[in-house]
Structures are given as structure tokens and as C-alpha cells.
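To start, the structure itself, in C-alpha cells.
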Amino acid sequence: MANCCLEETYLAKGEYGADLVRSHGVTDLEGAYQIQRLWNEILDNHYGGKIGYKLAYTTAVMQERVGLDSPAYGVLAKDKVYYEGHKLYSADYYKLGFEAEIAVKLGDSIGSDEPISDIQQLGNKISMIAPAFEVIDARADPDLSNEDRLLLSVMFNIFNEGIVLGDWLEDWENVDLTGIECSMKINDEIVGTGKGSDVMGNPLNPCLWLVNKLQESGLGLEKDMVIITGSMISPKMAVEGDVISIEMSELGEVNTLVI
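Numbering-wise (our numbering), the sequence shown opens with residue 10 and increments by one.
Structure (C-alpha cells):
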């Protein structure tokens, strides 16, 4: 798939169908990630470059649904990092949705050959954590098979359209990430709840997987990169006029408005 074609398809804001998987010869996850790597140029051209990574398929239910035994990842764009109270325009999206996640920021780089074997070592590299929305655009054909949905989601950066961050917490080392409780509301009505342990037992476990996965390809992570660790609540769709909020014990709230 030529990068121009990927870019044109993405910017057209239409529905993604199985034809995109077939026409570009993607038959497995490695092929899907090869397509995804072209996103770096798209981010450089339009969205200020890459600022970090997002994790997906971090619950047993989601992995079983698509036949995975591990998470998947995408990249985050610098110019799509928003903050508490940010307003999103519904017209900019095909089908706007939100997930509730813990974001972490690296206080130190992680080299491509630097041994990081457990979440304690990884935690020493993390300077801050924050509650966060992931903004998604659910552009996949709803009739796709689970296999095609997985390949298409990886090809198209797991449908990420940015993140909305709450306040960063620097003194986080004594926070029990597994015990964090989260609720999401749309227009003051609770639409989902979850907890940190829903994310592979601990939100740092998918981050550890990401570090090791990138290192397999000779890649490290840079200081100040942001990683969103996987959703505690299944995606919730929103429309113009909706006010969406999440609240996490010990971490606080994040709110955003769709206009």
C-alpha cells in the first residue's frame, strides 16, 4: 500500500471495508503493522509527529473475540493530545467514540537493547500518570469478520483520533493501579464502569509488552513519550451536544464536550 493511498483513504473520513485488507495483500498481523508504520509520515505531515503509543485489545474478552493472545498497539500524534475541557467537533468524525484509560509519561528514555523485564523496572521509567479519554473514530464496516476487523484496525492505527488528558500526577508510586475504579458518564448518566485490574491485571502489563515488542524491531522509547495503557471500559459512542466525563479514584476527572 503506497503511503499516498493510505493517507488519502484516512483523510477521506469514510468507512473502512474488507476491500482495504484484500487489495493491499494483508493476511496477518505483521503485514498489518507494516502498513501501520507508514503512519509516521502521515503524523509528520499533518499532526506534528509522533508523541507516543496507544494500546488496544488489553482485556481477555477483546483478545478472545479477535483471536489474539496479546495486545496490539498504534501511535499517538502530538497535535491530537488535548486537555481537560477540550471541545470536539462531531463533523470531524465518521462515528465518534471514547474509551477510558490511564496515561503514563516517560521520565527517561528506554533504549532498544535496554533490559526491561518487569513492571517494577518499567515503573522506574515513568514520571507521571493521568486519567485520559482515548478518542476513536469507529470507521470499520460493522459487518466485518473479527479477523478482518483486527487487521484493519492495526492497519489504520487502531482508529485512534487523539487523547484528552486530565491532570498529571507526579507522586504516583504509591497508587495501586490495579485498584483504581473508573466510571464514564454521558450527560450525567453512567454508561460504563471498570477498574485497573481489568487491563491485563495491571495497566503497566500492556506497557511492558509494548516495550518488549518495540525492542524486537530494534526500537526504543524516548523521554516524555506518552502511552495510553488500554481501556477499562468498552468504547462508548457520542453525538453532537453530548458531555462525556470519566472519573478515576485517586486520579480525578476528565470532561469533554461534543459540538
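For each residue, glycine too, the CB sits at the ideal point set by N, CA and C.
Cα-Cα separation, residue i to residue j
{"i": "K204", "j": "L77", "result": "22 angstroms"}
{"i": "E190", "j": "D127", "result": "23 angstroms"}
{"i": "N196", "j": "I236", "result": "28 angstroms"}
{"i": "G120", "j": "G227", "result": "9 angstroms"}
{"i": "M10", "j": "H33", "result": "Note that M10 scores 46 on pLDDT, short of 50, meaning its location in the model is unreliable and no value can be drawn from it."}
{"i": "L29", "j": "S162", "result": "11 angstroms"}
{"i": "E93", "j": "E108", "result": "15 angstroms"}
{"i": "D233", "j": "E73", "result": "33 angstroms"}
{"i": "G26", "j": "L20", "result": "15 angstroms"}
{"i": "K96", "j": "I167", "result": "22 angstroms"}
{"i": "D152", "j": "G261", "result": "37 angstroms"}
{"i": "Y62", "j": "S136", "result": "16 angstroms"}
{"i": "I125", "j": "V184", "result": "21 angstroms"}
{"i": "E198", "j": "A147", "result": "22 angstroms"}
{"i": "N133", "j": "K114", "result": "11 angstroms"}
{"i": "D176", "j": "D101", "result": "26 angstroms"}
{"i": "Q224", "j": "G250", "result": "43 angstroms"}
Residue i and residue j closer than 8 angstroms at C-beta
{"i": "V263", "j": "P140", "result": "yes"}
{"i": "T67", "j": "V248", "result": "no"}
{"i": "E16", "j": "I51", "result": "yes"}
{"i": "A86", "j": "I60", "result": "yes"}
{"i": "L174", "j": "I138", "result": "no"}
{"i": "S118", "j": "L266", "result": "no"}
{"i": "V35", "j": "L160", "result": "yes"}
{"i": "S79", "j": "I268", "result": "no"}
{"i": "L64", "j": "G201", "result": "no"}
{"i": "L186", "j": "P212", "result": "yes"}
{"i": "K89", "j": "G171", "result": "yes"}
Minimum C-alpha distance to residue i - residue among the options
{"i": "V70", "options": "G40, N155, L228", "result": "N155"}
{"i": "N169", "options": "G201, Q43, E39, A149", "result": "A149"}
{"i": "P244", "options": "K104, I60, L52", "result": "K104"}
{"i": "E143", "options": "T202, P124, E110, A27", "result": "E110"}
{"i": "Y91", "options": "A65, N211, K194, Y56", "result": "Y56"}
{"i": "S206", "options": "V184, M241, T18, K222", "result": "M241"}
{"i": "G8", "options": "I145, P124, G26", "result": "Here the chain has residues from 10 to 268 only, and residue 8 is not among them."}
{"i": "M246", "options": "M193, A112, K222", "result": "M193"}
{"i": "E24", "options": "R158, N214, K222", "result": "R158"}
{"i": "V75", "options": "S254, E225, D122, L38", "result": "L38"}
Boundaries (first-last residue) of the beta strand (DSSP E) holding residue i
{"i": "S192", "result": "190-195"}
{"i": "S136", "result": "135-146"}
{"i": "I199", "result": "198-204"}
{"i": "L77", "result": "Here L77 belongs to no beta strand (DSSP E), and DSSP marks it neither H nor E."}
N- and C-terminal bounds of the alpha helix (DSSP H) containing residue i
{"i": "G132", "result": "128-132"}
- Message: Just to confirm the assignment: which complete alpha helix (DSSP H) runs, minimum length 4, are found wholly within the segment 89-125?
- Response: none
- Item | Contiguous beta strand (DSSP E) assignments of at least 3 residues, all confined to the segment 221-259 | 235-237, 242-246, 252-257
- Query: Quick one: complete alpha helix (DSSP H) runs, 4+ long, within the segment 30-70?
  - Reply: 38-45, 48-55
- Item | Every unbroken beta strand (DSSP E) within the segment 152-180, with a cutoff of 3 residues, ordered by chain | 169-174
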